[in-house]
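As structure tokens, the structure follows; a few thoughts come after it.
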Amino acid sequence: MRLYHGSNMFISEIDLSMGKKGKDFGRGFYLSALYPQALRMAELTVAKTNEGEPIVSEFIYDESKAQNLNVLCFDGYTKEWAEFIIMNRQNRSDLQVHNYDIVYGPIADDTVGATINLFVRQYIDIDELIRRLKFAEPKYQYFFATPSALTTLTKA
Numbered sequence: 000m001r002l003y004h005g006s007n008m009f010i011s012e013i014d015l016s017m018g019k020k021g022k023d024f025g026r027g028f029y030l031s032a033l034y035p036q037a038l039r040m041a042e043l044t045v046a047k048t049n050e051g052e053p054i055v056s057e058f059i060y061d062e063s064k065a066q067n068l069n070v071l072c073f074d075g076y077t078k079e080w081a082e083f084i085i086m087n088r089q090n091r092s093d094l095q096v097h098n099y100d101i102v103y104g105p106i107a108d109d110t111v112g113a114t115i116n117l118f119v120r121q122y123i124d125i126d127e128l129i130r131r132l133k134f135a136e137p138k139y140q141y142f143f144a145t146p147s148a149l150t151t152l153t154k155a
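Counting with numbering that gives the first Met the number 0, you get residues 0 to 155 for the letters of the sequence shown.
And the structure:
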């Protein structure tokens, strides 16, 4: 399966330590099966950093190599998905708060931090949190957290 990573730099070798803390599924490497989605992420990265140009790097994901890995899949916007997002978004340490090698699931929308804060402060319930985190058209992401997970990827 072909997957795409949007950034402001070409990715020739994946460095997990470059991943940012407090992201949807944790600190690691994120990819999309949709080129336009990856391009949008690249454009947002350039806009945030004011550096470089939007670049989409391509990888081939060999799912058969993931059979012995710890993989978590969310098929939609569920309570479990929302709780997982909250747990990871609140984690500011270098250590993962879960033991999954690969996670697949929906992307939370760009206002996630403010929305999670409303939930944590108990201004909204879990159902309202999920409703607010959904994209109008659901988009999914692949997350690779460990060196073992990276063995499933090759540069296209």
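Backbone N, C-alpha and C fix where the C-beta goes; we use that ideal spot for every residue, glycine too.
- In this structure I85 is buried. Its beta-carbon is surrounded by 16 or more other beta-carbon atoms within 10 angstroms.
- F24 places its beta carbon less than 8 angstroms from that of N87.
- The beta carbon of N98 lies closer than 8 angstroms to those of N69 in the same chain, with the five residues before and after it left out.
- When C-alpha distances from R26 are compared across K154, I59, G51, Y141, the shortest belongs to Y141.
- In terms of Cβ geometry, N90 and G21 form a close pair [threshold 8 angstroms].
- Note on geometry: alpha-carbon atoms of E42 and D126 lie some 31 angstroms from one another.
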